[in-house]
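Chains as they are written, first to last, in this note's numbering: chain B, -13 to 304; chain D, 3 to 311. All C-beta atoms, glycine included, are put in the ideal place defined by N, C-alpha and C. Below: one structure, written as structure tokens.
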Amino acid sequence: MSNNEYTPGPGHYVAPLEETPLAAVDAVNVDEKPSNLWRDAWQDLRGRISFWISSVLILLIVIVAIFPQLFSSVDPTKCDLQFSNQGPSEGHILGYTKLGCDVYSRIIHGTGTSVSVGLIVTVLVFGLGVIFGAIAGFYGGWVDSVLSRVGDIFFSIPYILAAIVVMSQFKAEDRNVWVISLAIGLFAWPSTARVLRAEIIRVKQADYITSAKSIGLSNFKILMRHVLPNSIAPVIVITTLSLAGAIVAEATLSYLGVGLPSTIMSWGNDIGAAQDNLRNSPMTLIYPSIALSITVLAFIMLGEAVRDALDPKARARR
Amino acid sequence: MARYIFFRLLQAIPVLLGTTLLIYFMVFAMPGDPILALFGDKTPTPAQLEALREQYHLNEPFIMQYLRFLGGIFVGDLGTTYSGQPVISVLQSTFPVTLRLALIALILETVFGIGLGLLSGLRKGGASDNIILAFSLLLISLPIFVIAFVLQYLLTFQTSIFRPTVGEGAPWGDLILPGIVLATASVAQIIRLTRTSVIETMGQDFVRTAYGKGLSRGRVIPVHILRNSLIPVVTYIGTDLGVMMVGATVTEGIFNVPGVGRTLFQAIKQSEGPTVVSFVTVMVLLYLILNLLIDLLYAVLDPRIRYVK
């Protein structure tokens, strides 16, 4: 009874205390760059074959779009009816269209149209989407309610249908790349705005935003320096994918006859012009279709590679 | 539930008003004179112009024209096409055909989309998964008119498996090929959605529990995995209707299906601006109503939705 010291009972094992040397705690490598979403994404992208295939394809498409003369010396507007729907011959490797124009040259010169419509729409959608989405998400309250309802209205009209209405109000000679891009972009932005708004509402609650507020940064600076850079990733993804959507939209509208006039080289126009002769000379229709599909494929592949790289959850799904 | 339906209906009203107003405003604000366009190359006399403007109420201010249109919708008057037929009677004869086409497409895309998506999700990383993923990427990249022409060429001109255009009265058999084409527009998205959803569900604890208590794959896959993976797929079908409307316009035009889409297709080809506007408006209204119905259906399926606000 003399010993009133505490003795651990049987079965209680207490691990010997091993002190972590202080030096080890302090040995943080300051030179090592901190982990960062963009660097991680780049690491991930570099290892993807689909990223490299699509990048090379897109690079090629852009070069063709900027310098079509390098790839075809034949004038796409020089048509001769005596060659109507004829097969390939020397210097005209893909044959002739119904009007006797060179199919290959028309495809090469049509690249620029698709790429520029894709780019203009993307810039427009990105711009409108970021402005509407950022303001609605960041300021909230009645501003958010009003902007979100406006977005709902634009979102409720499938954008190709809306573009059909807009384009059908223009005479053929008034239609050009800018008009069609505007018609598509005007109705394609709400999905971008929605994605950004949701992301900003999420980011806004982070501690670093509170600390930015507490050091007295103005709302606008917080938005530009902290909120936007941290919520832009999903917007980048949806924007890349919308580029492909814009190219399809232009081709669909041109194919339907409410797109670009026949004086502008466009794959959609070429497909539309070849449809009546599908039975006899299918290749006149197939070649521009292949060009269109490969371009769309390249942008979708890139978009999906970027999406998977930026989304750690998607990496797990692979 | 009644509360949810009430608020959901209330929400739909401003969107309905907004979309119709937006379409009307676009037409109003755009350059060009629809009456002048009606005459094509001919030059009408000012009296003719005035009479037609009067007839179509184009001399009234914008808001009056809009209200007149809006009032018309409630009494089933959607205006007349430029060939003089009331839009509503054109719809009565064409809508059933489009509905049948959409039904075929919907069945095909859900059966193949969910089936292939499930297979691909269950065999994540395997050969069949990679093949299905590559196939879906290809389908997403092909614009619908390209698919339509390729299938029309291969299956009707080359092999005569199907008839190239739809016959009188649009029998079901003739609608299969256009239905396949229409389905390809969304089947790839459904495959991917199902795959992602299946993979996520497979990682859930209740699936492990189900296997752990000795249930067979034949029971776990349909009952535990598939059923719980379908919610995002059902929602997708709602947004997909917009894609389908554009798809139907192109498909019905190419295969000459006498539906709503072909009417729009022909109106576009013949540059009948006002008819185009009427039909797009009808399609947008239809799209909104169908989405509303799907939202309500969704609330029936998933009780969690009802209690959000």
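Inter-residue Cα distance where the pair is residue i and residue j
| i | j | result |
| --- | --- | --- |
| Leu121(D) | Val222(D) | 14 Å |
| Ile139(B) | Pro16(D) | 8 Å |
| Asp160(B) | Ala190(D) | 37 Å |
| Tyr213(D) | Gly220(D) | 11 Å |
| Gly123(B) | Ala250(D) | 36 Å |
| Val223(B) | Val213(B) | 17 Å |
| Ala235(B) | Ser130(D) | 32 Å |
| Ile201(B) | Leu110(B) | 35 Å |
| Gln29(B) | Leu242(B) | 43 Å |
| Gly126(B) | Gly119(B) | 10 Å |
| Ser142(B) | Ser218(D) | 44 Å |
| Lys311(D) | Gln13(D) | Legend: pLDDT at Lys311(D) = 46, less than 50; position of this residue unreliable, no value from coordinates given. |
| Asp297(B) | Pro220(B) | 8 Å |
| Leu141(D) | His95(B) | 26 Å |
| Val29(D) | Gln67(D) | 11 Å |
| Ser(-12)(B) | Glu4(B) | Only weak support exists for where Ser(-12)(B) lies, its pLDDT of 48 falling under 50; the coordinates are left without a value. |
| Asp88(B) | Gln72(B) | 10 Å |
| Asp20(D) | Phe57(B) | According to the sequence shown, residue 20(D) is Gly rather than Asp. Between Gly20(D) and Phe57(B), the C-alpha separation is close to 48 Å. |
| Leu156(D) | Phe8(D) | 51 Å |
| Leu144(D) | Ser279(B) | 5 Å |
| Ala150(D) | Ile192(D) | 20 Å |
| Arg5(D) | Leu11(D) | 10 Å |
| Tyr273(B) | Ala107(D) | 27 Å |
Counted within 10 angstroms of its Cβ, other Cβ atoms place residue i as buried (16 or more) or exposed
| i | result |
| --- | --- |
| Trp174(D) | exposed |
| Ile206(D) | The amino acid at residue 206(D) is misidentified as Ile; the sequence shows Gln. So Gln206(D) ends up on the exposed side. |
| Tyr194(B) | exposed |
| Thr161(D) | exposed |
| Gly169(D) | exposed |
| Ser231(D) | buried |
| Val113(D) | exposed |
| Met210(B) | exposed |
| Asp304(D) | exposed |
| Asp256(B) | buried |
| Asp61(B) | exposed |
| Leu228(D) | buried |
| Thr281(B) | buried |
| Glu52(D) | exposed |
| Ala259(B) | buried |
| Val77(D) | exposed |
For residue i, three-class secondary structure by DSSP
| i | result |
| --- | --- |
| Pro16(D) | helix |
| Pro54(B) | helix |
| Tyr194(B) | helix |
| Pro144(B) | coil |
| Tyr26(D) | helix |
| Pro88(D) | strand |
| Thr253(D) | helix |
| Phe124(B) | helix |
| Thr82(D) | strand |
| Tyr(-1)(B) | coil |
| Asp61(B) | coil |
| Ser75(B) | strand |
| Asp88(B) | strand |
Chain B residues whose Cβ lies nearer than 8 Å to that of residue i
| i | result |
| --- | --- |
| Gln206(D) | Those within 8 Å of Gln206(D) in chain B number zero; the least Cβ separation is about 14 Å. |
| Leu51(D) | Going along chain B, no residue has its Cβ under 8 Å from Leu51(D), so there is no contact; the nearest lies around 18 Å. |
| Val286(D) | Ser142, Ile143, Pro144, Leu147 |
| Val148(D) | Ile257, Ser275, Leu278, Ser279 |
| Gly244(D) | Pro144, Leu147 |
Proximal residues of chain B, C-beta to C-beta of residue i below 7 Å
| i | result |
| --- | --- |
| Ser143(D) | Ser279, Val282, Leu283, Ile286 |
| Val278(D) | Ile150, Val151, Ser154 |
| Val17(D) | Asp138, Ile139, Ser142 |
| Ile270(D) | Ile150, Ser154, Leu242, Gly243, Val244 |
| Gly275(D) | Ser154, Gln155 |
Chain D residues whose Cβ lies nearer than 8 Å to that of residue i
| i | result |
| --- | --- |
| Val234(B) | Pro145 |
| Arg135(B) | Pro16, Val17, Gly20 |
| Leu264(B) | Phe151, Gln154, Tyr155, Phe159 |
Residue i: CB within 8 Å of a non-hydrogen atom of the ligand MN
| i | result |
| --- | --- |
| Gly73(B) | You won't find the ligand MN in this model; it holds no ligand whatsoever. |
Chain D residues whose Cβ lies nearer than 7 Å to that of residue i
| i | result |
| --- | --- |
| Ile146(B) | Val248 |
| Ala237(B) | Pro145 |
Under 9 Å by beta carbon: chain B residues contacting residue i
| i | result |
| --- | --- |
| Gln191(D) | Going along chain B, no residue has its Cβ under 9 Å from Gln191(D), so there is no contact; the nearest lies around 12 Å. |
| Tyr289(D) | Ser142, Ile143, Pro144, Leu147 |
Exercise. Taking only runs of the alpha helix (DSSP H) that begin and end inside the segment 160 to 248 of chain D, which ones reach a length of at least 4 residues, in chain order?
Worked result: 174 to 204, 207 to 214
Exercise. What are the complete alpha helix (DSSP H) segments, minimum 4 residues, inside the segment 193 to 229 of chain B?
Worked result: 193 to 200, 205 to 208, 214 to 217
For this session: Please go through the segment 23 to 51 of chain B and give each complete alpha helix (DSSP H) segment of 4 or more residues, from N-terminal end onward.
Result: 23 to 32
Exercise. For the segment 225 to 265 of chain B, which segments carrying the alpha helix (DSSP H) assignment without a break, of at least 4 residues, lie completely within its bounds, in sequence order?
Worked result: 253 to 260
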